[in-house]
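Encoded as structure tokens, the structure appears first; notes follow it.
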Amino acid sequence: MTTNNTTQSSQISHHDHHTSRQSANYKPSMWSYDFVQSLKTDHNPLQDKAYKDAWKFLEEKVKHMIDYDDDDINMLTMLEFIDDIQRLGLGYHFKEDITRALYKILNNIDGQRTYQSPHFTALSFRLLRQYGFEISQDVFSRFTDGNGSFKAWLCEDVKGMLSLYEASYFSFEGESLLDEGLAFSTIYLKNLSGYNVTKGLAEQVSHALELPLHHRMQRLEARWYIEAYSKRPDANHVLLEIAKRDFNKVQSTLQRDLKEVSRWWVDMGLAKKLSFIRDRLMECFFWSVGIVFEPQHSHVRKELTKVAALVTTIDDVYDVCGTLDELELFTSAVETWDIKAVEDLPDYMKLCFLALYNTVNEMVYDTLKEQGQNALPYVTKTWADLCKAFLKETTWRYNKHIPTFEECIYTAWISVSGVVFLAEVQGGETANSISCMTRGSMNKLNKDGASGSPFTEQFVQAARNLARISQCVYQYGDGHGAPDTRAKNRILSVIIDPIKGP
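All you need for the numbering used here is the position in the sequence shown, starting with 1, plus 8.
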């Protein structure tokens, strides 16, 4: 914000025209409204009979491949086939089929542990945990010595070490054997020079060391794996074709959702009226895709995008523009959720509050109408808690208070807005602390995703996906507030550019 911007100054406050305010100098959006609306989404492949017939044919062929007879298939071959299905982004289509196949495998392998390779053991462990089956870390104990250290001969099997590395990220809290497996496999994989490794396997190792599979945004990983899988000489062409069709089909749905929520954002007028905020509608939509990408969840995606856009706007009000007195008034207005409180707010805050008030009330009304549940008290409390956390951080800044790491974390659990996005994490020491805490949180989520958990599978999956998209957005910097070319290319690959073929 600049003080000579007359239009913005008139929006800022009728309380104090001489207040010193911060300037963020955020760059404009890389994605114009006209560009988004120009996306060609008129053709819906789901309404094309020829397309649906071709899809059904391919789907039945894949189902038949998964539904194996116990004596007719090599179990490792089936595990690798299931892993390919999952990594190609097709798991949600074949969940029941995969679960049945894994159940068969689990029943057949318990008496054969001593004959199984490290690759088989680690891959079966990862897939079984991924699908909620109970399986102990003790399956790896036969690969350790009397001191609990993994045996050196395991290093002769690169694929096995990679599988151990990926499996270790599905550990529960306190599973020290898997912690040891992670440390052991990481050191080995980082020093592969001198080993005879194919180009494809070397690329997989490099990809995994950059970020493990369990921490990757699902749709971005599917795009990467489709391209990597297509180069494999042993690629299953039926699987590859259906993966490409699915990716493009999902992308077409995402584009229709994006166009609709983009119209909402422009109609809201916040980016136009409040030039100090981050205009990041596309990035907010990317967050929602990371949390839930399946075509049938369009409504959830659009609502999450609206929430993310409002969180970003209000965050900028607290971080960039508002004075402490104004922010206390705004926080009180959100806490009371009283439309009369808007009269005490400066003009620019009136826009923010009414945008929040109207959007949230509409969402709550839809929930009441469709599900018979009044979520207003819970939703408004969440927004009030968020604003109070923002206010505390602003108070620290005004008072030049340097909070302890514990104070930051305690407040940040709320202020990062777990519904949609986490705050920027920069600097090696802080990043390492957050990384350790993230791994601990994922361990808890792994346990919550196991059988017998009080949480629904959908809830746990959304929580995992939130952690994944957070990692994705901030992996190389601030991909939300200051997106660079790499962040742009990721959005292009998931939302804009289709895969050629099949």
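We put the CB at the ideal spot given by N, CA and C, even for glycine.
By the neighbour-count definition (other C-beta atoms within 10 Å, threshold 16), Lys314 is a buried residue.
Bridge partners of Phe158 according to DSSP: Thr152. Of all C-beta pairs linking the stretch 279-290 to the stretch 59-77, fewer than three are shorter than 8 angstroms, placing the two stretches out of contact. Of the candidates Asp187, Tyr177, Pro126, the residue whose Cα lies closest to the Cα of Lys167 is Pro126. Between Arg224 and Thr339, the alpha-carbon positions lie close to 35 angstroms from each other.
Linking Lys310 to Pro506 through their CA atoms gives a straight-line distance of about 21 angstroms. An exposed status is given to Arg271, since fewer than 16 other beta-carbon atoms sit within 10 Å of its beta-carbon. The beta carbon of Leu209 is closer than 8 angstroms to those of Val166, Lys167, Leu170 in its chain, skipping five residues each way along the sequence. Cβ neighbours of Lys396 within its own chain (closer than 7 angstroms, five residues either side excluded): Thr339. In this structure, the CA atom of Leu84 is about 16 angstroms from the CA atom of Glu174. Judged by DSSP in its simplified three-state form, Asn454 adopts helix.
Counting along the chain, the unbroken alpha helix (DSSP H) around Asn369 starts and ends at 355-379.
Secondary structure of Gln466 (DSSP, three-state): helix. In this structure Met86 does not touch Pro491 by the C-beta definition: roughly 41 angstroms separates them, more than the 8 angstroms allowed.
Around the beta carbon of Lys57, a 10 Å sphere encloses fewer than 16 other beta carbons of the protein chains shown; the residue is thus reported as exposed. Uninterrupted alpha helix (DSSP H) stretches at least 4 residues long and entirely within the stretch 226-264 occur at 226-237, given in chain order. Across the structure, Glu211 and Thr375 are spaced so that their CA atoms are roughly 46 angstroms apart. Taken through DSSP and simplified to helix, strand or coil, Ala316 comes out as helix. Between Lys358 and Val258, the alpha-carbon positions lie close to 38 angstroms from each other. Where Leu217 is concerned, the enclosing alpha helix (DSSP H) starts and stops at 207-218. Met169 sits in a helix when the DSSP states are folded into three classes. Between the stretch 177-185 and the stretch 447-457, the count of C-beta pairs closer than 8 angstroms reaches three or more; the two stretches touch. In the structure shown, Asn497 falls within a helical segment according to DSSP collapsed to helix, strand and coil. Annotation for Pro241: no residue places its beta carbon closer than 7 angstroms to its own, counting only its chain and skipping 5 residues before and after. If you draw a straight line from the Cα of Cys329 to the Cα of Thr367, it is about 22 angstroms long.
Looking from the CA of Cys163, the closest CA among Lys198, Gln379, Lys103 belongs to Lys198.
When Cβ pairs closer than 8 angstroms are counted between the two stretches, the stretch 90-110 is seen to touch the stretch 127-141, the count reaching three or more.
With respect to Leu185, Gln145 sits close: the two C-beta atoms are nearer than 7 angstroms. Note on geometry: alpha-carbon atoms of Lys496 and Val297 lie some 15 angstroms from one another.
Around the C-beta of Ser260, 16 or more other C-beta atoms lie within 10 Å, and the residue is accordingly described as buried.
With contacts defined by Cβ atoms closer than 7 angstroms, Thr419 and Lys389 do not form a contacting pair. A straight-line Cα-Cα distance of about 29 angstroms links Thr412 and Leu219. Here the C-alpha atom of Val502 lies approximately 32 angstroms from the C-alpha atom of Ala383. Ranked by Cα distance from Ala475, the first of Ile93, Ala279, Val300, Glu378 is Val300. Looking only at Tyr111, Lys408, Cys360, Phe293, the smallest Cα-Cα distance to Gly277 is reached by Cys360.
Nearest in C-alpha terms to Ser46, of all of Ile504, Phe192, Ala363, is Ile504.
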